[in-house]
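Numbering that gives the first Met the number 0 numbers the first residue of the sequence shown as 0 and each following residue consecutively.
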Amino acid sequence: MSLDEINFPDVNYGSDNKDKIYELTHKEYSPFFGCDYWEVFIFCMSYAYAKGFEIKKVPGVGSLPAKVFQTPSRNLMRALAIDHLNSQRKKNDTSNPLDIIKNPKEYVKICEMYAYSGFKEIYNIITNNDADKIKNEDLLMNLIKAVVASRS
């Protein structure tokens with residue numbers, strides 16, 4: 000077992016989102032129907048980061064067990080945190096953003112803030128979607144395409 004696996008904390012998606020994340024993973028109208036909470040977390044985190052959302056402090060404590068975040072998800076979280084820190088650097092800052100990978104609690108905290116910042120918008124888009132116009136299975140892909148188009 001690696002040191003990262005030992006030190007990786009439980010992940011907080013926001014205590015005020017508990018019922019809503021349950022809804023998104025258990026209601027058939029949601030493209031996340033049948034998914035695990037961590038998948039919603041990763042999507043919201045990535046969406047908020049790609050859209051440049053301002054990050055917000057997350058209420059509550061970690062409730063997603065560390066073990067549900069496998070290596071590919073953790074690598075994505077590390078990469079996001081590194082890029083976030085790099086984008087926040089001041090002109091004469093000599094710190095190395097790569098150092099964040101040595102501190103799972105810190106890079107998870109950054110990812111939690113992005114996921115929390117994106118969750119409300121994703122929840123509202125999904126719950127207000129007109130399934131007659133946009134099929135559930137197309138909804139997430141349309142969101143991804145819109146983000147990619149806005150960054151081009």
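Don't be surprised by glycine CBs; every beta carbon is placed ideally from N, CA and C. From a predicted model like this one, the values you see are computed outputs, not experimental measurements.
Beta carbon of residue i nearer than 9 angstroms to that of residue j
i          : j           : result
residue 71 : residue 139 : no
residue 64 : residue 15  : no
Candidates the options: closest to residue i by CA position
i           : options          : result
residue 121 : 39, 111, 97      : 39
residue 147 : 47, 17, 104, 62  : 47
residue 98  : 10, 45, 80       : 80
residue 22  : 78, 118, 137, 66 : 118
residue 27  : 57, 16, 126      : 126
residue 77  : 109, 32, 130     : 109
residue 61  : 107, 137, 151    : 107
residue 57  : 96, 114, 94      : 114
residue 74  : 150, 151, 52, 7  : 7
Cα-Cα separation between residue i and residue j, rounded to whole angstroms
i           : j           : result
residue 36  : residue 90  : 38 angstroms
residue 55  : residue 116 : 6 angstroms
residue 135 : residue 41  : 18 angstroms
residue 111 : residue 105 : 10 angstroms
residue 128 : residue 86  : 33 angstroms
residue 171 : residue 68  : The question about residue 171 has no answer here: the residues shown for the chain are numbered 0 through 151.
residue 24  : residue 18  : 10 angstroms
residue 133 : residue 123 : 14 angstroms
residue 92  : residue 101 : 19 angstroms
residue 151 : residue 131 : 30 angstroms
residue 82  : residue 32  : 31 angstroms
Reduced DSSP category for residue i - H, G, I as helix; E, B as strand; rest coil
i          : result
residue 10 : strand
residue 20 : helix
Start-to-end residues for the alpha helix (DSSP H) that takes in residue i
i           : result
residue 43  : 36-50
residue 59  : Note, residue 59: premise wrong, no alpha helix (DSSP H); not H, not E.
residue 144 : 135-150
residue 87  : 70-87
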